[in-house]
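This note's numbering runs 222 ahead of the 1-based position in the sequence shown.
Positions of the beta carbon are idealized from the N, C-alpha and C atoms, including for glycine.
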Amino acid sequence: MFEVGFSELLMVGLVALLVIGPEKLPKAARIAGFWLGKARSMLAGVQAEIRQELMVEEMRQLARQHLDNEEMQQTVNDSEAAIQDIEATLQALPEAKPGRHNDEPA
Numbered sequence: 223m224f225e226v227g228f229s230e231l232l233m234v235g236l237v238a239l240l241v242i243g244p245e246k247l248p249k250a251a252r253i254a255g256f257w258l259g260k261a262r263s264m265l266a267g268v269q270a271e272i273r274q275e276l277m278v279e280e281m282r283q284l285a286r287q288h289l290d291n292e293e294m295q296q297t298v299n300d301s302e303a304a305i306q307d308i309e310a311t312l313q314a315l316p317e318a319k320p321g322r323h324n325d326e327p328a
């Protein structure tokens, strides 16, 4: 993100030494380090929360897909059962004789 080289760090250190002074510079560096550490830990916490939310959402999507697949499978099973029932009913019907309708008396 930020590319800070050694020359930039040296320049910031020199400016800080001139502005703050040699007596207060170590204390200011400790305070800056403390707050930098706090900011990094907060950023890591936020990243972990975001990662966790993304995982939860992914799990929800997988669960939805699984339910959709189960519903599709149930529909296929129901359709196959209906087809088998129709085939069984058709086979149970008496065969029609040529030239006559099934509802005409013999």
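Quick test of your reading: Leu231 and Leu239, contact by CB under 8 Å. State the CB separation rounded to the nearest angstrom.
Position 9 of the sequence shown, counted from the start, is the residue given in the question as residue 231. Position 17 of the sequence shown, counted from the start, is the residue given in the question as residue 239. Contact flag wrong, Cβ pair sits at about 12 Å.
Quick one, are the C-beta atoms of Ile242 and Ala250 less than 8 Å apart?
Counted from its first residue, the sequence shown places residue 242 at position 20. Counted from its first residue, the sequence shown places residue 250 at position 28. Yes.
Quick check on DSSP: helix, strand or coil for Pro316?
Looking up residue 316 in the sequence shown gives position 94. In the structure shown, Pro316 sits in coil (DSSP, three-state: anything other than H, G, I, E or B).
State the start and end residues of the unbroken alpha helix (DSSP H) segment that holds Glu230.
The residue given as residue 230 occupies position 8 in the sequence shown. Residues Phe228 to Ile242.
Let me know the secondary structure DSSP gives Glu245 once reduced to three states.
Sequence index remark: in the sequence shown, residue 245 carries index 23 (1-based). If DSSP states are grouped into helix, strand and coil, Glu245 belongs with coil.
With DSSP run on the structure shown, which of helix, strand or coil describes Glu279?
Residue mapping note: residue 279 aligns to position 57 of the sequence shown, counting from 1. Helix at Glu279.
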